[in-house]
DNA sequence: AGCTTATTTGGCTATCTTACCAAATAGCCA
DNA sequence: TGGCTATTTGGTAAGATAGCCAAATAAGCT
């Protein structure tokens, strides 16, 4: 893999990494229903404010959210709603996995090694 | 955030984590053009075989690829092509970010603090 | 069985990530 | 200015991740 190809995939992975954390997925999900301030998100998440703030700054660094200061509060807004489509795919993968597990289960009950009975 | 919500977002994050690595993104990209054996991928990637094998097992664990043994080789195939749609979104985010940087650049040249000139 | 090749697994170290606390910064209001 | 609240930043310790080497496993061939 040459250096340029490497750079492209590293850049893409960097953006995906921003989503690869339960708290940050939760934040994206919440923001998909409208902007929220740090304090609101913090209360919902139940972690330290500094932790939530750092998660938000990771999402911001990846270009997925924008922030807007209003008085004492900072409001975050989802900038790239297309990430929500991705979540549909994730859901599909998960359901797929569950179905596979279910066939394994049926297979072990019937003793059918291919699980196709 | 209650325990069940937590569990859902952790499961989703787990799947996204499987994609959050340049080598694994490269693998997914290659497999989108058809199945490949470990040796082919290893040669393209240029890392140790054991490293590539571990990446593949992570993708397999997430349910994104399937493997098929044929003789001495193991062929991997993309199981959930919808992840490719996601890559389009990633690309969009990246282009967005580049445009933002470009406006910042124009802004600093013109001295326009909003970059809208 | 013994040899060869392809792949996976175990072990180890170096690096990255995350969470919390404490302290700094920013904006409002008296 | 000084106090108050919201948010960010720095520091640090615990845990996760990634890479390589060496060894184990699996399958074909003679």
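Residue numbers (the working numbering), protein chains in the order written: chain E, 339 to 455; chain S, 339 to 455.
Note that beta-carbon positions come from the ideal geometry of N, C-alpha and C, so glycine has one too.
Residues of the segment 342-361 of chain E whose Cβ lies closer than 8 Å to any Cβ of chain S, in chain order: 343, 344, 347, 348, 349, 350, 351, 353, 354, 355, 357, 358, 359, 360 and 361. Shown here, residue 374(E) sits in a strand according to DSSP, grouped into three states. Residue 400(S) sits buried, since 16 or more C-beta atoms from the chains shown fall within 10 Å of its C-beta. Fully enclosed beta strand (DSSP E) runs of no fewer than 3 residues occupy 411-416 of the segment 408-433 of chain E, in order along the chain. Listed along chain S, no residue sits closer than 7 Å to residue 390(E) by beta-carbon distance, the nearest being about 11 Å off. Shown here for residue 390(E): same chain residues with a beta carbon closer than 7 Å to its own, the five before and five after excluded, namely 376, 379, 380 and 383 in chain order. From the beta-carbon of residue 396(E), no residue of chain S is found nearer than 9 Å; the closest lies around 12 Å away. By the beta-carbon neighbour count (other beta carbons within 10 angstroms, threshold 16), residue 361(S) is buried. Out of 385(E), 352(E), 435(E) and 372(E), the CA that lies nearest to the CA of residue 405(E) is found in 372(E). Taking 8 Å as the cut-off, the Cβ atoms of residue 417(S) and residue 403(S) count as close. Residues are counted here when their Cβ sits less than 7 Å from a Cβ of chain E; for the segment 365-390 of chain S these are 382, 383 and 384, given in chain order.
When DSSP states are grouped into helix, strand and coil, residue 386(S) belongs to the coil group. Residue contact check for residue 430(S) against chain E: a CB pair falls below 8 Å. Spanning the alpha carbons of residue 367(E) and residue 351(E) requires a straight line of approximately 20 Å. DSSP places residue 367(S) in the helix class (H, G or I) of the three-state scheme.
By the neighbour-count criterion, in which a residue is buried when 16 or more other Cβ atoms sit within 10 angstroms of its Cβ, residue 356(S) is buried. Residue-level contact check: residue 403(E) does not touch chain S, since none of the beta carbons of chain S fall below 8 Å from its beta carbon. Here the alpha carbons of residue 363(E) and residue 436(S) stand approximately 23 Å from one another.
For residue 424(S), the C-beta contacts it makes with chain E under 7 Å involve 424 and 427, in order along the chain. For residue 442(E), no chain S residue has a Cβ inside 7 Å of its Cβ, as the nearest lies near 13 Å away. Here residue 354(S) really is in contact with residue 354(E); their C-beta atoms are around 6 Å apart, less than 8 Å. Of the residues assessed, residue 374(E) falls on the buried side of the cut-off, its CB having 16 or more other CB atoms within 10 angstroms. Here residue 340(S) carries a coil assignment [DSSP, helix/strand/coil].
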